[in-house]
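Undergrad: This is the structure I have questions about; it appears just below.
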């Protein structure tokens, strides 16, 4: 039987060289990947450090006592005859002015009294539409007194409400109280709220391996002027005028730079 010729075997030296080449290539690639990762991580660290910041809100409040007040009242009468209605309105006007003089004294001279406003009252038909026939008249007059004596304004408001039991057709509006030096208060509050924001930033940074740096930006929120112990807020700010004592509140948003220790 004829034998088939066998294939010559590869020399041992050639195979060893090939394996060594693959090994060296793998080592080179590994070293390159490690080096590139170090470069990238250091680059990312530099970017992060360059952009490190902290944003906090600062809060401050101050109590104030109103130094001005205003009272308003409106007398309204209705009568079938214009002249009769005017006489009744004049009688009620005299009662209101007498009250102002008795409670406010000389300050009553600063009260304003509006001209008489009159409106015809028309008859309405079965469907509710006016028929054009005048059934009577409504006459109205408004009074207003302002004073830095807020206690006086409170007494006038109370006395005016008491006129209703005496037959005077008056609508006495709740007194309004104001504080005139709000701009100075706002300036103080912005400074106090900014200092509060820095303290908050330092508390956040404490134990985090960073230190708080310079102020980068700041924005002022709206002011809230509320009754004491009130939690009410409004997006566009608030100004409560119902109480003599008030609390002015301010919030600021501040951004600080931080650096690694």
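In the working numbering, the protein residues as written are -19 to 241. By construction, the Cβ of each residue, glycine as well, lies at the ideal position given by its N, Cα and C atoms.
#1: Whole angstroms are fine: how far does the CA of residue 115 sit from the CA of residue 107?
#2: Kindly indicate which three-state DSSP category residue 9 falls into: helix, strand or coil?
#3: For residue 196, which of 158, 167, 144 and 238 has the nearest alpha-carbon?
#4: Determine contact between the segment 108 to 128 and the segment 168 to 183, defined as no fewer than three beta-carbon pairs at a distance below 8 Å.
#5: Expressed to the nearest angstrom, what Euclidean distance is found between the alpha-carbon atoms of residue 104 and residue 75?
#6: Here's the rule I'm using: 16 or more other beta-carbon atoms within 10 Å means buried, otherwise exposed. How should residue -8 be labelled?
#7: Grab me the residues of residue 189's own chain with a C-beta within less than 7 Å of its C-beta, minus the 5 sequence neighbours each way, in chain order.
#8: In the DSSP assignment, what are the bridge partners of residue 182?
#9: Please identify the residue among 185, 168, 201 and 202 whose C-alpha is closest to the C-alpha of residue 43.
#10: What do you reckon, are the CB atoms on residue 69 and residue 121 nearer than 9 Å?
#11: Which partner residues of residue 125 appear in the DSSP bridge assignment?
#12: Beta carbon of residue 143, beta carbon of residue 49: below 9 Å?
#13: At a cut-off of 8 Å, would you count residue 40 as near the ligand FAD, judging by its Cβ distance to the nearest heavy atom?
#14: Which parts of the segment 38 to 85 are runs of the alpha helix (DSSP H), unbroken and 4 residues or longer, counting only runs that do not cross its ends?
#15: Buried or exposed for residue 110, going by 16 or more other Cβ atoms inside 10 Å?
#16: If you reduce the DSSP assignment to three classes, tell me which class residue 209 lands in.
#17: With three or more C-beta pairs closer than 8 Å as the rule, is the segment 94 to 102 touching the segment 33 to 42?
TA: The answer reads as follows:
#1: Numbered from its first residue, the chain shown carries residue 107 at position 127. Numbered from its first residue, the chain shown carries residue 115 at position 135. Their backbone Cα atoms lie some 17 Å apart in a straight line.
#2: The sequence position of residue 9 within the chain shown is 29, counting from 1. With a pLDDT of 39 at residue 9, under the threshold of 50, the predicted position of this residue should be treated as unreliable, and no value is reported.
#3: Along the chain shown, one-based indexing puts residue 196 at 216. Of the candidates 158, 167, 144 and 238, the one whose C-alpha sits nearest the C-alpha of residue 196 is 238.
#4: no
#5: Walking along the chain shown from the start, residue 104 turns up at place 124. Walking along the chain shown from the start, residue 75 turns up at place 95. If I take the Cα positions, the gap works out to 34 Å.
#6: In the chain shown, residue -8 corresponds to position 12, counting from 1. Because the pLDDT of residue -8 is 45, which lies under 50, any placement of that residue in the model is unreliable, and the question is left without a value.
#7: Here residue 189 is taken as the residue at index 209 of the chain shown, counted from 1. Closer than 7 Å at Cβ, skipping near neighbours: 240 and 241.
#8: The count along the chain shown starts at 1 and reaches residue 182 at position 202. None; residue 182 has no bridge partner.
#9: Sequence index remark: in the chain shown, residue 43 carries index 63 (1-based). Measuring from the Cα of residue 43, the nearest candidate turns out to be 168.
#10: Counting from one through the chain shown, the residue named residue 69 turns up at place 89. Counting from one through the chain shown, the residue named residue 121 turns up at place 141. Result yes, Cβ atoms of residue 69 and residue 121 sit closer than 9 Å.
#11: Against the chain shown, residue 125 aligns to sequence position 145. Its beta-bridge partners are 51.
#12: To locate residue 143, count along the chain shown from 1; it is residue 163. To locate residue 49, count along the chain shown from 1; it is residue 69. No. Outside cutoff.
#13: The ligand FAD is absent from the structure shown, which contains no ligand whatsoever.
#14: Counting whole runs of 4 or more residues, the segment 38 to 85 contains the alpha helix (DSSP H) stretches 62 to 84.
#15: Numbered from 1 along the chain shown, position 130 holds the residue referred to as residue 110. It is exposed - the Cβ of residue 110 has fewer than 16 other Cβ atoms within 10 Å.
#16: The residue labelled residue 209 in the question sits at position 229 within the chain shown. Note: residue 209 maps to coil in three-state DSSP.
#17: no
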